[in-house]
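For reference, the structure discussed in these notes is given below.
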Amino acid sequence: MNIREIYLRYQLIAWPVISGLASILIIVLVIVPQVLGFIRTRGEIDNMDNRSGILEAKAKELTQVDENQAKQDLRVAFSVLPSDMDVPQAVTILQNLIIRSGLTLKNTTFVSGKTAATDKSYQLNMSVAGPVTSIRAFLISLRDAPRIFQVEAINVRFQKSNEEISAEIPITVFYDPKQSVEVSVDTPVVKLNSEEGELLAKLSRIAFIIEDLRPAEPATGTAAPPSSIGKADPFE
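If you're matching positions, the sequence shown starts at 1 in the numbering used here and goes up one per residue.
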């Protein structure tokens, strides 16, 4: 039996089989990828539509934001919790709070941030002298200071000669070196709640009083009053 006879005998079966296999190959290699690509493209289009809606809503909300107020709020936040240690500013604030409380500053010691509670803080040990009421006034004034301070302890030594006491007050000063936050473009605008708004309002009242903490300038033609920071000659 030659090939022609085989073909003539099975041609009614061979053609449907060949056509079916060809159809299957076309479906697998052409139609299925096209359908999957359409579904994937449709999903991307829907995702872009959703993001566009979010961006449009975000743009409308941003147009209602007071730019000057936002800048002031950021300035308040960065002033109360700066990105660097800014030790001179912290020392200046504490010195002036001590003077205004009626205390005498004997000594200030800086403790490296490595020994502090976290890597976002450092410690200043303040040695002061004065009456108990002045020390109490100083501790109360720390609550409204234009930096975030935390009193760790109070070591008190009473003076027999008078009513004054000497105190060693270690104070932790906080800062935040990582203040940048990555936010996705399509993230909705985050608004402050009532408690956060009240806290920011309170901080705005105390964040820019550094100039007010400085001793008043003497009148023209008068000598400046002596400061009670410590001895005039520290080597005496």
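Think of the CB as a built atom: it goes at the ideal place given N, C-alpha and C, for glycine as much as any other residue.
All values derive from a computational prediction rather than experimental measurement.
Could you tell me which residues DSSP pairs with residue i in its beta bridges?
i, result
"Ile-123", "Per the sequence shown, the amino acid found at residue 123 is Gln instead of Ile. DSSP, once it has assigned bridges, lists Val-111, Thr-172 as partnering Gln-123."
"Ser-166", "Ala-129, Arg-157"
"Leu-105", "Val-128"
Looking at the secondary structure, which residues open and close the alpha helix (DSSP H) in which residue i lies?
i, result
"Gln-34", "32-63"
"Val-76", "67-80"
Give the secondary structure of residue i by DSSP, where H, G and I count as helix, E and B as strand, and everything else as coil.
i, result
"Val-91", "helix"
"Val-28", "helix"
"Val-17", "helix"
Please go through the same chain and pick out, in chain order, the residues whose beta-carbon is closer than 8 Å to the beta-carbon of residue i, but skip the five residues on each side of it.
i, result
"Gly-35", "Sequence check: residue 35 is Val here, not Gly. Correct list: empty, nothing qualifies."
"Thr-108", "Val-91, Leu-94, Gln-95, Leu-124, Asn-125, Met-126, Ser-127"
Kindly indicate which residue of the options has the alpha-carbon position closest to the one of residue i.
i, options, result
"Leu-203", "Ser-79, Val-91, Ile-26, Ile-13", "Ser-79"
"Asn-96", "Leu-142, Thr-63, Ala-70", "Leu-142"
"Arg-147", "Ala-129, Met-126, Val-132, Ile-171", "Ile-171"
"Lys-191", "Lys-106, Asp-144, Ala-70, Val-132", "Ala-70"
"Lys-178", "Asp-46, Leu-199, Met-85, Leu-200", "Met-85"
"Val-151", "Glu-163, Ala-167, Phe-158", "Ala-167"
Near residue i, what residues of its chain come up, given a Cβ to Cβ distance below 6 Å and the 5 sequence neighbours on each side ignored?
i, result
"Ala-137", "Ser-101"
Quick one: residues in its chain with C-beta nearer than 7 Å to the C-beta of residue i, no 5 flanking neighbours on either side, listed in chain order?
i, result
"Leu-103", "Val-128, Ala-129, Gly-130, Ser-134, Ile-135, Phe-138"
"Asp-176", "Leu-81, Ser-83, Lys-120"
"Ile-3", "none"
Where does the unbroken beta strand (DSSP E) through residue i begin, and where does it stop?
i, result
"Val-151", "149-151"
Got a sec: is the Cβ-Cβ distance from residue i to anything in chain C below 8 Å?
i, result
"Asp-119", "Absent from the structure: chain C. Only one protein chain is present."
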